[in-house]
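Take a look at the structure set out below.
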Amino acid sequence: MIRDELKRGIMVQNPIFGLALGLCPALAITTTAFNALGMGIAVIFVLTCSNVTVSLIRRWIPEKVRIPCYITIIATFVTIADLFMKAYAPFLSSQLGIYVPLIAANCLILARAEAYASKSNLVRAAVDGIVMGFGFSLSLVLISAVREILGYNKLFGVTVITGFHPMVLFVMPAGGFFVVAAFFGIVNYRRIKKARGNP
Amino acid sequence: MNTASMIQISLGAVLINNFVLTRMLGLCPFLNVSNKISNATGLGMAVTFVMTMASAVAWIVDSTVLAPHNAAYLRIVVFILIIASLTQLVEMALQKYSPALFESFGKYLPLVTTNCAVLAAALIATMENPYTGRPFTFLEAFINGVMSGAGFTLVLILMAGIKGKLECVNVWKPLEGLPIALITAGLIALAFLGFSGLHPPIAAGGF
Amino acid sequence: MNDTFKAVLTLTAVTAAAGFVIAFYHSSAAKLIASQTLRHERSALDQVFGPGVRIIDTSGSGSPPIHFWIGKKDTAVIGYAFLIETAGYSGPIRAVAGIDTGGTIMGLVILSHNETPAVGGRMDERISKRTIWNGFITRAETLRPWFTEQFKGLSVNKPLSVGAVSEWPCLSDAEKKELIDKNAISAISGATVSSRAIVRGIGKAANCFAALRGARQ
Numbered sequence: 399m400i401r402d403e404l405k406r407g408i409m410v411q412n413p414i415f416g417l418a419l420g421l422c423p424a425l426a427i428t429t430t431a432f433n434a435l436g437m438g439i440a441v442i443f444v445l446t447c448s449n450v451t452v453s454l455i456r457r458w459i460p461e462k463v464r465i466p467c468y469i470t471i472i473a474t475f476v477t478i479a480d481l482f483m484k485a486y487a488p489f490l491s492s493q494l495g496i497y498v499p500l501i502a503a504n505c506l507i508l509a510r511a512e513a514y515a516s517k518s519n520l521v522r523a524a525v526d527g528i529v530m531g532f533g534f535s536l537s538l539v540l541i542s543a544v545r546e547i548l549g550y551n552k553l554f555g556v557t558v559i560t561g562f563h564p565m566v567l568f569v570m571p572a573g574g575f576f577v578v579a580a581f582f583g584i585v586n587y588r589r590i591k592k593a594r595g596n597p
Numbered sequence: 246m247n248t249a250s251m252i253q254i255s256l257g258a259v260l261i262n263n264f265v266l267t268r269m270l271g272l273c274p275f276l277n278v279s280n281k282i283s284n285a286t287g288l289g290m291a292v293t294f295v296m297t298m299a300s301a302v303a304w305i306v307d308s309t310v311l312a313p314h315n316a317a318y319l320r321i322v323v324f325i326l327i328i329a330s331l332t333q334l335v336e337m338a339l340q341k342y343s344p345a346l347f348e349s350f351g352k353y354l355p356l357v358t359t360n361c362a363v364l365a366a367a368l369i370a371t372m373e374n375p376y377t378g379r380p381f382t383f384l385e386a387f388i389n390g391v392m393s394g395a396g397f398t399l400v401l402i403l404m405a406g407i408k409g410k411l412e413c414v415n416v417w418k419p420l421e422g423l424p425i426a427l428i429t430a431g432l433i434a435l436a437f438l439g440f441s442g443l444h445p446p447i448a449a450g451g452f
Numbered sequence: 243m244n245d246t247f248k249a250v251l252t253l254t255a256v257t258a259a260a261g262f263v264i265a266f267y268h269s270s271a272a273k274l275i276a277s278q279t280l281r282h283e284r285s286a287l288d289q290v291f292g293p294g295v296r297i298i299d300t301s302g303s304g305s306p307p308i309h310f311w312i313g314k315k316d317t318a319v320i321g322y323a324f325l326i327e328t329a330g331y332s333g334p335i336r337a338v339a340g341i342d343t344g345g346t347i348m349g350l351v352i353l354s355h356n357e358t359p360a361v362g363g364r365m366d367e368r369i370s371k372r373t374i375w376n377g378f379i380t381r382a383e384t385l386r387p388w389f390t391e392q393f394k395g396l397s398v399n400k401p402l403s404v405g406a407v408s409e410w411p412c413l414s415d416a417e418k419k420e421l422i423d424k425n426a427i428s429a430i431s432g433a434t435v436s437s438r439a440i441v442r443g444i445g446k447a448a449n450c451f452a453a454l455r456g457a458r459q
């Protein structure tokens, strides 16, 4: 069951490439793999905790105010994650800057809370949070690995190829757009090929 | 409040640190904008309106309620709730009292509420002014909100116009939809990179 | 119970709970967060003064008021460190500059900046011989950014200038010596504004240093 869930989070319902949710951080902070990893861990934390909380109190939230309630819960965990980062990982916090508070406005977390956690029991909501968060982090790290290698000639801060002058464009916003477009193109290509293969 | 500072903030918000192309915020509406320029303008106006309101109210709440009690850590929760409720209120008020305005941009308001661009505008209004190193004053925060929205609208209109042209072109199958929109955005971002040098001359000695 | 009333009550309860949780966590993390800036400054000061130096904090003096520290070994003053803040390309740059009693720069550590990543941001760049292929074999190195290292040994008694055809790591030994004799540094290519901003900041520290030295005599 765990393997199926993992497969779902990473491949079938990948938050970035499958559901196209949470694109803002995907483009903005994926300049180095370290940033992507940090952001990914923060999102896993927020997603899991908010899923669990929403699942716990789902019977008591009236229909009318469910979105503001979910938003408040998500914002609470984002604040906790932000404070934790400022206290224990100040370098990461200064690199990610304003994008950690902006996890609160990430459509992925709200969508999972509304579409899944509010209708499932505790365990399934928690597993969903972890699995989706993991898929999200994996995509982020993949995108940022490409951008960091092409743009800085480094991976996690360590040089990759000596003497290679990197193309700075890839760590600029324009490069982010191009790299993510390339990833989406590859995903679409495989999807089309698969669709053609099974008439 | 001198004009030089205002020009600095305006240029910064519209061209140099454009919300979509440099800070990469508010991408959901930007990538999914339709190819009609009237829709893009309506959405842009809604975003500008909400951003300005959010910046102003966030600044007021921060300076009167949060800062005096050293409660800066409550910013995220407070701001996001303010934005969500204010947009609801404004939408209802527009619907009731000004149907003309509601027609032009009121119906786009729900799309804007949990947009990261608006939350970012509110947060930026309470951080320090990058050009002077001091916190934003109310007027500076207000102008920043208006101009950030203006920059957002500008890019939306550009995108809508280009998407209209793309309709008449054969795009390679795998790139249809989101990828070609991203590539277009990347090319516009590349063009806007040229604006990053548009700084007013630093006075002798800087600050 | 009325529907709307229930809705309002729930929302209020959730918000109140959220507030309590955040405030609770903040009270336990606040001290650690506040100490991070101090810790950062502290490590910069240690880097600039070197080991075994007693560092004394003072309130600002000089014009404009500038935050500085005095470094003493036993009872003798060996130098001063100044907290400088200048306008960089896209925001303020904060750094700590150490100047010894003779007016020679002991070191420069950049605390924070907001410069564009691959342009002005290269003032943090460290040249390393490690790659991912041999990274696990070679020992860890403590590297300093070449841009700030080249300030060491220059004098603040003469004006500091920006010179050189290419960047410091690409210069030959003779060219490096020439730069030091001219009391000049090599700028980051493509980041003239950031480089000049740092030089301006050192100029401010030099003014304060001159005022201090004048006051002591």
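Residue numbers (my numbering), protein chains in the order written: chain A, 399 to 597; chain B, 246 to 452; chain C, 243 to 459. Yeah, the Cβ is synthetic: ideal placement off N, Cα and C, and Gly gets one too.
Which partner residues of residue 350(C) appear in the DSSP bridge assignment? On the third sequence, residue 350(C) is found 108 positions in, with the first residue counted as 1. In the DSSP assignment, residue 350(C) is bridged to 339(C).
Taking the alpha-carbon positions, what's the residue 336(C) to residue 373(B) distance? By one-based count along the third sequence, residue 336(C) stands at place 94. By one-based count along the second sequence, residue 373(B) stands at place 128. Spanning the two alpha carbons is a distance of roughly 14 Å.
Residue 435(C) versus chain A: which residues are under 8 Å apart at the beta carbon? Position 193 of the third sequence, counting from 1, holds the residue named residue 435(C). By Cβ distance, chain A contributes nothing, its closest Cβ being about 17 Å from residue 435(C), past 8 Å.
Rounded to whole angstroms, what is the Cα-Cα separation between residue 538(A) and residue 457(C)? Within the first sequence, residue 538(A) is the residue found at index 140, counting from 1. Within the third sequence, residue 457(C) is the residue found at index 215, counting from 1. Approximately 56 Å between the Cα atoms of the pair.
Got a sec? Which residues, its chain only, sit under 7 Å from residue 551(A) by beta carbon, not counting five neighbours each side? Indexing the first sequence from 1 puts residue 551(A) at position 153. Contacts found: 557, 558, 559, 562, 564.
Over the uninterrupted alpha helix (DSSP H) stretch that includes residue 423(B), give me the two end residues. Here the question's residue 423(B) lines up with position 178 in the second sequence. First-last of the alpha helix (DSSP H) with residue 423(B): 423-437.
Output needed in chain order: residues of the segment 249-280 of chain C with a Cβ under 7 Å from some Cβ in chain A. Under the 7 Å Cβ criterion, the segment 249-280 of chain C contributes 249, 252, 253, 256, 257, 260, 263, 264, 267, 268, 271, 274, 275, 278.
Among the residues of its own chain, which have a CB less than 8 Å from the CB of residue 432(C), if the five just before and after it don't count? Here the question's residue 432(C) lines up with position 190 in the third sequence. Here the set comprises 361.
Contacts that residue 399(C) makes with chain B (C-beta to C-beta distance below 9 Å): Here residue 399(C) refers to the residue found at position 157 when the third sequence is read from its first residue. Within chain B, no residue comes near residue 399(C); the closest Cβ sits about 20 Å away, beyond 9 Å.
Terminal residues of the continuous beta strand (DSSP E) containing residue 325(C)? Along the third sequence, one-based indexing puts residue 325(C) at 83. Residue 325(C) -> beta strand (DSSP E) spans 318-329.
Using a threshold of 8 Å, state whether the C-beta atoms of residue 411(C) and residue 388(C) are closer than that. Position 169 of the third sequence, counted from the first residue, corresponds to residue 411(C). Position 146 of the third sequence, counted from the first residue, corresponds to residue 388(C). For residue 411(C) and residue 388(C), yes; Cβs fall inside 8 Å.
Taking the straight line between their C-alpha atoms, what separation do you get for residue 515(A) and residue 521(A)? Here the question's residue 515(A) lines up with position 117 in the first sequence. Here the question's residue 521(A) lines up with position 123 in the first sequence. Approximately 10 Å between the Cα atoms of the pair.
Using the Cα positions of residue 393(A) and residue 413(B), report the straight-line distance between them to the nearest angstrom. Here chain A has residues from 399 to 597 only, and residue 393(A) is not among them.
Cβ-based contacts, 8 Å cut-off: residues of the segment 445-473 of chain A near chain B: 465, 466, 469, 470, 473
Which one or two residues does DSSP pair with residue 556(A) in a beta bridge? Here residue 556(A) is taken as the residue at index 158 of the first sequence, counted from 1. DSSP, once it has assigned bridges, lists 553(A) as partnering residue 556(A).
List the endpoints of the continuous beta strand (DSSP E) containing residue 314(C). In the third sequence, counting from the first residue as 1, residue 314(C) sits at position 72. Start and end: 310-315.
Can you have a look at residue 586(A) and say buried or exposed, based on whether 16 or more other CB atoms are within 10 angstroms of its CB? Mapped onto the first sequence, residue 586(A) falls at position 188. Per the 10 Å Cβ criterion, buried.
Option in 404(B), 395(B), 417(B) with minimal Cα separation from residue 257(B): Within the second sequence, residue 257(B) is the residue found at index 12, counting from 1. Among 404(B), 395(B), 417(B), the Cα nearest to that of residue 257(B) is on 395(B).
Would you call residue 270(C) buried or exposed, if buried means 16 or more other Cβ atoms sit within 10 Å of its Cβ? On the third sequence, position 28 is the one that residue 270(C) refers to. Answer is exposed; the Cβ neighbour count stays below 16.
Using a cut-off of 8 Å between C-beta atoms, extract the partners of residue 245(C) located in chain A. For the purposes of this step, residue 245(C) is taken as residue 3 along the third sequence, with counting starting at 1. Per Cβ cutoff of 8 Å: 460, 462.
Under 8 Å between C-beta atoms, does residue 529(A) make it to chain C? Translated into the one-based positions of the first sequence, residue 529(A) becomes position 131. No, residue 529(A) lies away from the interface with chain C (no Cβ there is under 8 Å from its Cβ).
For residue 589(A), which of 407(A), 415(A), 403(A), 399(A) has the nearest alpha-carbon? Reading the first sequence from its first residue, position 191 is the one you call residue 589(A). Nearest C-alpha to residue 589(A): 415(A).
How many Å lie between residue 348(B) and residue 445(A) at the Cα? What you label residue 348(B) is simply residue 103 of the second sequence in a count that begins at 1. What you label residue 445(A) is simply residue 47 of the first sequence in a count that begins at 1. Near 37 Å, if we compare the C-alpha coordinates of residue 445(A) and residue 348(B).
Whole angstroms are fine: how far does the CA of residue 413(A) sit from the CA of residue 300(C)? Along the third sequence, one-based indexing puts residue 300(C) at 58. Along the first sequence, one-based indexing puts residue 413(A) at 15. Those two C-alpha atoms are separated by around 52 Å.
Quick one: what's residue 297(C) bridged to in DSSP? Reading the third sequence from its first residue, position 55 is the one you call residue 297(C). Beta-bridge pairing links residue 297(C) to 313(C).
With which residues is residue 465(A) paired in a DSSP beta bridge? Counted from its first residue, the first sequence places residue 465(A) at position 67. Answer is none; residue 465(A) lacks a bridge partner.
Burial state of residue 442(C), where buried means 16 or more other Cβ atoms lie within 10 Å: For the purposes of this step, residue 442(C) is identified with residue 200 of the third sequence, where counting begins at 1. With 16 or more other Cβ atoms within 10 Å, it is buried.
Give the single residue among 429(C), 350(C), 254(C), 317(C) whose Cα lies nearest to the Cα of residue 323(B). Reading the second sequence from its first residue, position 78 is the one you call residue 323(B). Out of 429(C), 350(C), 254(C), 317(C), 254(C) has the C-alpha closest to the C-alpha of residue 323(B).
At least three beta-carbon pairs within less than 8 Å, the segment 360-370 of chain B to the segment 498-508 of chain A: yes
Quick one: using the 10 Å Cβ neighbour count with 16 as the cut-off for buried, is residue 452(B) buried or exposed? Residue numbering aside, residue 452(B) sits at position 207 when the second sequence is read from its first letter. Any reading at residue 452(B) is ruled out, since the residue's pLDDT is 40, under 50, leaving its predicted position unreliable.
On the DSSP bridge list, what partners appear for residue 436(C)? Along the third sequence, one-based indexing puts residue 436(C) at 194. In the DSSP output, where bridge partners are listed per residue, residue 436(C) has none listed.
Partners in chain A for residue 392(B), counting only beta-carbon separations shorter than 8 Å: Locating residue 392(B) in the second sequence gives position 147, where the first residue counts as 1. What residue 392(B) touches in chain A: nothing, since even the nearest Cβ is about 17 Å away.
Give the residues from the segment 579-592 of chain A that approach chain B closer than 7 Å (Cβ to any Cβ), ordered along the chain. 579, 582, 583, 586, 587, 590
Using the DSSP secondary-structure output, state which residues sit across from residue 405(C) in a beta bridge. One-based indexing of the third sequence puts residue 405(C) at position 163. In the DSSP output, where bridge partners are listed per residue, residue 405(C) has 428(C).
Supposed contact pair residue 581(A) and residue 528(A) - C-beta distance, whole angstroms, cut 8 Å: Your numbering for residue 528(A) matches position 130 in the first sequence. Your numbering for residue 581(A) matches position 183 in the first sequence. Between residue 581(A) and residue 528(A) the Cβ distance is about 23 Å, and since that is not below 8 Å, they are no contact.
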